[in-house]
Amino acid sequence: AQSVTQPDIHITVSEGASLELRCNYSYGATPYLFWYVQSPGQGLQLLLKYFSGDTLVQGIKGFEAEFKRSQSSFNLRKPSVHWSDAAEYFCAVGAGTNAGKSTFGDGTTLTVKP
Amino acid sequence: DTAVSQTPKYLVTQMGNDKSIKCEQNLGHDTMYWYKQDSKKFLKIMFSYNNKELIINETVPNRFSPKSPDKAHLNLHINSLELGDSAVYFCASSQVSGGRAEAFFGQGTRLTVV
Chain A
496 AQSVTQPDIH
506 ITVSEGASLE
516 LRCNYSYGAT
526 PYLFWYVQSP
536 GQGLQLLLKY
546 FSGDTLVQGI
556 KGFEAEFKRS
566 QSSFNLRKPS
576 VHWSDAAEYF
586 CAVGAGTNAG
596 KSTFGDGTTL
606 TVKP
Chain B
6 DTAVSQTPKY
16 LVTQMGNDKS
26 IKCEQNLGHD
36 TMYWYKQDSK
46 KFLKIMFSYN
56 NKELIINETV
66 PNRFSPKSPD
76 KAHLNLHINS
86 LELGDSAVYF
96 CASSQVSGGR
106 AEAFFGQGTR
116 LTVV
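So the protein lines, in turn, are chains A and B.
Here the first sequence is numbered in the numbering used here, starting from 496 and rising by one per residue.
Here the second sequence is numbered in the numbering used here, starting from 6 and rising by one per residue.
Rendered as structure tokens:
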């Protein structure tokens, strides 16, 4: 069975600082990997996805993520965080042709200090 | 137009009542889902449904039932509501055929059982 671990429950960074959110997955074959963001009181919005090909994927809002098969990781990065990036971030892994039936990590809460 | 819309956004009801949450997607997707997000923000899939197959997460009580009048709608009906059902429920959809199926989420329905 597939699983996702987000080791950091809560991260605080200063505005303008760089950000990296960790995600580790467990899956027997090449997974479909996603990062979603949830702002307070809102639904989930897809930031970026990895299916195949280039292991560094670019997403919306200046985010990027790198798929590292050897480490079973898909970490999310942003070079300079904005106050509006404060939110809950979820990594998810989908399997096979039904990637929409994703398994989500428990989320990382990002706080941005002024 | 909102891609995936849920109604109501907030629902407060008494224990023992029966309630429904409606979901509609205008993306032409072939598969729809219901997710539950608890107070710790953990996100778990409840159902995955297309016109061929209903997949039920085995942990979901049978008081919960999805009802799909057509491909664009997947409503969630809950019988005999309990305090522990209080959560945010998200509807989502994806296009599974074609194999590249990230999920698009609705804004959520916050259910409070009193």
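Even glycine gets a Cβ: it sits at the ideal position worked out from N, Cα and C.
In this text, all values refer to a predicted model and were calculated from it rather than measured experimentally.
Review point. Quick one: what does DSSP say residue 556 of chain A is sitting in, helix, strand or coil?
Key: helix
Exercise for review: Just the chain A side, please: which residues come within less than 7 Å of residue 50 of chain B by C-beta, in chain order?
Suggested key: 596
Review point. For residue 19 of chain B, which three-state DSSP category applies?
Key: coil
Practice item. Determine, using beta carbons only, whether residue 506 of chain A and residue 605 of chain A come nearer to each other than 7 Å. Key: yes
Practice item. For the stretch 16-91 of chain B, list the alpha helix (DSSP H) runs that are entirely contained and at least 4 residues long, ordered along the chain. Key: none
Exercise for review: Could you tell me whether the Cβ of residue 46 of chain B comes closer than 7 Å to any Cβ of chain A?
Suggested key: yes
**Study point:** Positions along the stretch 539-552 of chain A whose CB lies within less than 7 Å of some CB in chain B
**Key:** 539, 541, 544, 546
Practice item. Count the other CB atoms, across all protein chains shown, that sit within 10 Å of the CB of residue 577 of chain A; report buried if there are 16 or more and exposed otherwise. Key: exposed
Review point. Can you find a C-beta in chain B that's less than 7 Å from the C-beta of residue 559 of chain A?
Key: no
Review point. Where does residue 3 of chain B fall in DSSP's three states?
Key: Only positions 6 to 119 of chain B appear in this structure, which leaves residue 3 of chain B out of reach.
Practice item. Run the CB neighbour count on residue 98 of chain B, radius 10 Å, all protein chains shown included, and call it buried at 16 or more, exposed below. Key: buried
Point to revise | Residue(s) in a DSSP beta bridge with residue 569 of chain A | key: A:562
Review point. Could you give the C-beta distance for residue 116 of chain B and residue 91 of chain B, rounded to a whole number, given that I count them as a contact under 8 Å?
Key: 6 Å
Check your understanding: Exposed or buried, what is residue 58 of chain B when buried is set at 16 or more other beta-carbons lying within 10 Å of its beta-carbon?
Key -> exposed
**Study point:** Among B:7, B:45, B:10, B:28, the one whose alpha carbon lies nearest that of residue 54 of chain B
**Key:** B:28
Check your understanding: Listed in chain order, which residues of the stretch 527-538 of chain A have Cβ atoms closer than 7 Å to some Cβ of chain B?
Key -> 529, 537, 538
**Study point:** Reduced DSSP category for residue 579 of chain A - H, G, I as helix; E, B as strand; rest coil
**Key:** helix
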